[in-house]
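In the numbering used here, each residue's number is its place in the sequence shown (first place is 1) plus 38. To start, the structure itself, in structure tokens.
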Amino acid sequence: MGFFDFMTEDIAMDLGTANTLIIHNGKVVVDSPSIVARDRVSGKIIAVGKEASLMQGKTHDNIKTIRPLKDGVIADFDASEKMINLFIKSIPALKKKIFTPALRMVVCIPSGITEVEMRAVKESCERVNGKEVYLIHEPMAAAIGIGVDIMQPKGNMIVDIGGGTTEIAVLALGGIVCDKSVKIAGDVFTNDIIYYMRTQHNLFVGEGTAEKIKIEIGAAIEDLEQGPEDLMVQGRDLLTGKPKQVNVSYREIAKALDKSIQRIEDAVMETLSQTPPELAADIYNTGIYLAGGGSMLRGLDKRISQKTDLPVYIAEDPLRAVVRGTGVVLKHVEKYKSILIK
């Protein structure tokens, strides 16, 4: 312990395509959409997070909303750095400090990430005063967040469906034995809904509306026991150009998302086919764990269960499973040294 340790703060961050979550002192202190609004003329950042997400699809020429992360990796370096900076500054406990403290950070990254993309995440964190930056793969963090003991010689399968990527991994002995990362997740579902509304209802809806449809009546199968009620959707009529409203049911959304979910199922099957036999035997007993916002799609657990003939469990707070796991790792950095990428 050095003299300057009181000036260092520990934070755990799940830098997601759709949402960024930060844990400080064991509590989730930031849970905001990963969106930035920038003034095109001055280049200044006007808003981040929830404020910026309200502007999405409603801006004029001088304001541009950017999502700095695409498919779980940094696409716009400058915007992402400013976004991380503003999120860290908005942590209540750090606001009170006179000096900006040095940070010890644990950050999540997708398992299919390249060296260059990894360096981009690391440099972004170092520029916001990160003195020690550790990276951890998302499926690992998700498993720890669900409460799986990953250090045991026992196989566990995690499917983490985020905003930009779906991470599928088989874990044992504190390592990833086989994994697959597919770029089909929440964002693709949203685009599927936009496309379906265009082709089936001649209705042009924005991303925000499609997201709302997905959350309120999104489903993975057409025969739910207790399906959500139909939703009234407003948008622009493609034929007349007038604003109009149509009635949409969850069955239609299940149809719209069918192909994308099929590709996730195929990736799960492919990962299972590469799993060593001893671990496959473990997974037969423990089943598959789902985490991430995408796993909240109604009936998805049932659908994957039918496809794989395995029990499928959804994490209790799937949106925060990854960041919870990252928080646990942050508390016990020494214990998890072997799974962290320095």
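Heads up, the beta-carbon is just placed ideally off N, CA and C, and yes, glycines get one too.
Inset, instruction - Would you list the one or two residues that DSSP bridges to Val66? - result: Ile61
Inset, instruction - Rank Leu209, Asp109, Glu308, Tyr322 by C-alpha distance to the C-alpha of Asp10 and give the top, closest one. - result: Only positions 39 to 380 of the chain appear in the structure, and residue 10 is not among them; the question remains open.
Legend entry - Residue burial classification, Ser298 (beta-carbon count within 10 angstroms, cutoff 16): buried
Legend entry - Supposed contact pair Gly224 and Asp109 - C-beta distance, whole angstroms, cut 8 Å: The pair is not a contact, with the Cβ atoms about 11 Å apart (cut-off 8 Å).
Inset, instruction - Could you say which of Val186, Val243, Ser118 lies nearest to Ile73 if we only look at CA atoms? - result: Ser118
Inset, instruction - Starting from His370, follow the beta strand (DSSP E) in both directions and report where the run begins and ends. - result: Element bounds for His370: n/a, residue is neither H nor E.
Legend entry - Delimiting residues of the beta strand (DSSP E) encompassing Gln283: 281–286
Inset, instruction - Compare the Cα-Cα distances from Ala294 to each of Leu262, Ile377, Ala248, Asp339 and report the closest residue. - result: Ala248
Inset, instruction - Enumerate in chain order the residues of its own chain whose CB-to-CB distance from Val389 is below 7 Å, with the five nearest sequence positions on each side excluded. - result: Past the boundaries of the shown model lies residue 389; the chain is included only from 39 to 380, so the question cannot be answered.
Inset, instruction - Measure the alpha-carbon distance for Asn285 versus Val159 and round it to whole angstroms. - result: 43 Å
Inset, instruction - Return the residue from the list Met307, Phe137, Lys102 that minimises the CA-CA distance to Ser219. - result: Met307
Inset, instruction - Could you tell me the distance, in whole angstroms, from the CA atom of Asn63 to the CA atom of Ile49? - result: 8 Å
Inset, instruction - Kindly identify the DSSP beta-bridge partner or partners of Met195. - result: As computed with DSSP, Met195 is found in a beta bridge with Val208, Ile326.
Legend entry - Bridge partners - Glu47, DSSP secondary structure assignment: Leu141
Inset, instruction - Determine contact between the region 186–194 and the region 317–331, defined as no fewer than three beta-carbon pairs at a distance below 8 Å. - result: Under the Cβ criterion (8 Å, minimum of three pairs), the region 186–194 counts as touching the region 317–331.
Inset, instruction - Within its chain, find whatever has a CB closer than 6 Å to the CB of Gln377; leave out the 5 residues flanking it on each side and keep chain order. - result: Checking the sequence shown, residue 377 turns out to be Ile, not Gln. So the list reads Met178, Gly212, once near-sequence residues are dropped.
Legend entry - Selection from Met51, Thr46, Lys282 that minimises the alpha carbon distance to Arg362: Met51
Legend entry - Span separating the alpha-carbon of Met39 from that of Leu124: Note that Met39 has pLDDT 45, beneath the 50 cutoff, so the model's placement of it is unreliable and no number is given.
Inset, instruction - Pull up the distance between the alpha-carbon of Leu173 and that of Ala305, whole angstroms please. - result: 25 Å
Legend entry - Buried versus exposed, by CB contacts within 10 Å (16 or more), His175: buried
Legend entry - Cβ-Cβ separation, Leu53 to Cys146 (assumed contact under 8 Å), whole Å: Contact holds; Cβ gap of about 6 Å.
Legend entry - Three-state secondary structure (DSSP) of Gln25: Past the boundaries of the shown model lies residue 25; the chain is included only from 39 to 380, so the question cannot be answered.
Inset, instruction - Tell me whether Glu263 is buried or exposed, calling it buried when 16 or more other Cβ atoms sit within 10 Å of its Cβ. - result: exposed
Legend entry - Alpha-carbon to alpha-carbon, Lys65 and Arg301: Between the alpha carbons of Arg301 and Lys65 lies a gap of roughly 35 Å.
Legend entry - Three-state class that DSSP yields for Arg105 in the structure shown: coil
Inset, instruction - Counting only the same chain and skipping the five closest in sequence on each side, list residues whose C-beta sits under 6 Å from that of Gln283. - result: Met270, Gln272
Inset, instruction - Identify whether Ile231 lies in helix, strand or coil by the three-state DSSP scheme. - result: helix
Inset, instruction - For the beta strand (DSSP E) containing Ser219, list its first residue and its last residue. - result: 213–220
Legend entry - Simplified DSSP state of Asp77, which is helix, strand or coil: strand
Inset, instruction - Find the nearest neighbour of Thr278 within the set Thr138, Phe242, Ile182, judged by alpha-carbon distance. - result: Phe242
Legend entry - Endpoints, the beta strand (DSSP E) within which Arg6 is located: In this structure the chain extends from 39 to 380, so residue 6 is not present and cannot be described.
Inset, instruction - Please state if the CB of Ala257 and the CB of Tyr288 are separated by a distance shorter than 9 Å. - result: Judged by beta-carbon spacing, Ala257 lies within the 9 Å limit of Tyr288, meaning their Cβ atoms are closer than that value.
Inset, instruction - Could you tell me which residues DSSP pairs with Val171 in its beta bridges? - result: Met143
Legend entry - DSSP state of Pro71 mapped onto helix, strand, coil: strand
Inset, instruction - Please report how far the alpha carbon of Asp99 lies from the alpha carbon of Arg78, in whole angstroms. - result: 8 Å
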